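What follows is one structure encoded as structure tokens, with my remarks underneath.
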Amino acid sequence: MVLKEMIGRECRKPTGAFGRLVARKMNRSHKAVTRWGLDFLDAGDGRMLLDLGCGGGHNLKNLAQLSPSAKVFGADYSHDMVSLSRRLNRTLIKKGRLEVLEASVSWLPFRDDIFDAVTAVETHFFWPDIVNDLKEIRRVMKPGTMLLIITEGYRHPAFEERNSEWENLSGFTMDTPDELRRYLKDAGFEPVESTELEKRNWLVAWGRKPMK
284 MVLKEMIGRE
294 CRKPTGAFGR
304 LVARKMNRSH
314 KAVTRWGLDF
324 LDAGDGRMLL
334 DLGCGGGHNL
344 KNLAQLSPSA
354 KVFGADYSHD
364 MVSLSRRLNR
374 TLIKKGRLEV
384 LEASVSWLPF
394 RDDIFDAVTA
404 VETHFFWPDI
414 VNDLKEIRRV
424 MKPGTMLLII
434 TEGYRHPAFE
444 ERNSEWENLS
454 GFTMDTPDEL
464 RRYLKDAGFE
474 PVESTELEKR
484 NWLVAWGRKP
494 MK
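The sequence shown begins at 284 in the working numbering and counts up one residue at a time.
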């Protein structure tokens with residue numbers, strides 16, 4: 284239980300040597316849900332892609348493989364995670380295909396209307412003000428493009444015991460699919476959709492920035 288508590292505390296903002304170990308573990312444990320969720324991503328022929336809360340950096344590699352001509356950006360508010368993502372993806376950085384920045388979702392250091400797609404894997408429940416943070420994400424997206432949110436846990440009676448434990452350990456609250464769709468709509472995304480893989484308690488939700 285002590286180890287679970289330590290891991291839970293690090294999930295929000297992995298820091299230090301133990302945080303780096305947790306991030307590498309999350310890279311492995313999130314592979315399956317990320318692969319499933321990315322099947323719903325519509326990046327078109329996008330040249331500029333962003334992964335928010337990039338953590339250990341595994342999804343940055345996914346995006347670079349999905350869109351071989353794209354420039355990929357990662358953002359995380361943990362200095363240690365930025366360093367880890369850069370180290371694990373140094374080949375992409377050397378090729379000029381990747382930049383990883385230390386930044387909060389509440390204030391993104393990008394100009395308006397720049398990204399062709401944005402992803403967020405296992406991170407949205409840590410955002411300090413989800414609707415306003417979603418508005419900030421929408422600001423940096425090109426009109427008509429997609430934000431894709433992937434998570435391996437949402438509120439469901441069959442998983443209540445497991446999910447409650449992780450909520451208590453990590454200090455976040457899981458959403459229902461309806462709640463997540465409502466957040467996206469309240470932030471100005473339209474249309475908004477979601478789908479669940481109920482047997483695994485996986486959820487993917489997406490919304491588009493309306494055309495001007």
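Yeah, the Cβ is synthetic: ideal placement off N, Cα and C, and Gly gets one too.
Since the model is a prediction, treat every value here as computed from it, not as a measurement.
Just to confirm my understanding: we take residue i, look at its own chain, exclude 5 residues before and 5 after, and list those with CB closer than 7 Å. What are they?
i: Asp395; result: Arg422 and Val423
Compute the Euclidean distance between the alpha carbons of residue i and residue j, then round it to the nearest angstrom.
i: Val388; j: Ala403; result: 10 Å
i: Ala358; j: Leu346; result: 14 Å
i: Lys492; j: Tyr466; result: 14 Å
i: Met457; j: Glu382; result: 30 Å
i: Trp319; j: His313; result: 10 Å
i: Leu321; j: Phe393; result: 23 Å
i: Glu293; j: Leu371; result: Caution applies to Glu293, whose pLDDT of 48 falls short of 50 and renders its modelled position unreliable; the model cannot decide the point.
i: Phe472; j: Gly427; result: 10 Å
i: Leu417; j: Asp363; result: 24 Å
Looking at residue j and residue i, is the spacing between their C-beta atoms short of 8 Å?
i: Glu476; j: Trp485; result: no
i: Phe356; j: Leu332; result: yes
Take residue i and list the residues in its own chain whose beta-carbon comes closer than 8 Å to its own, dropping the five residues that flank it on each side.
i: Pro460; result: Tyr437, Ser477, Glu479, Leu486 and Ala488
i: Asp334; result: Asn342, Leu343, Leu346, Val355, Phe356, Gly357, Ala358, Val401, Thr402, Ala403 and Val404
i: Pro474; result: Gly490 and Arg491
Pick helix, strand or coil for residue i, following the three-state DSSP scheme.
i: Ile433; result: strand
i: Asp443; result: As written in the sequence, residue 443 is Glu, which differs from the Asp given in the question. Glu443 falls in the helix class under three-state DSSP.
i: Thr456; result: coil
i: Glu473; result: coil
Residues in the same chain with beta-carbon distance under 6 Å from residue i, minus the five sequence neighbours each way, listed in chain order, please.
i: Ile432; result: Ala403, His407 and Ala488
i: Cys337; result: Leu343, Gly357, Asp359 and Ser368
i: Phe398; result: Met331, Leu333, Val423 and Met424
Jot down the residue ranges of each uninterrupted beta strand (DSSP E) in the stretch 342-385, minimum 3 residues, whole runs only, in chain order.
-> 354-359 and 381-385
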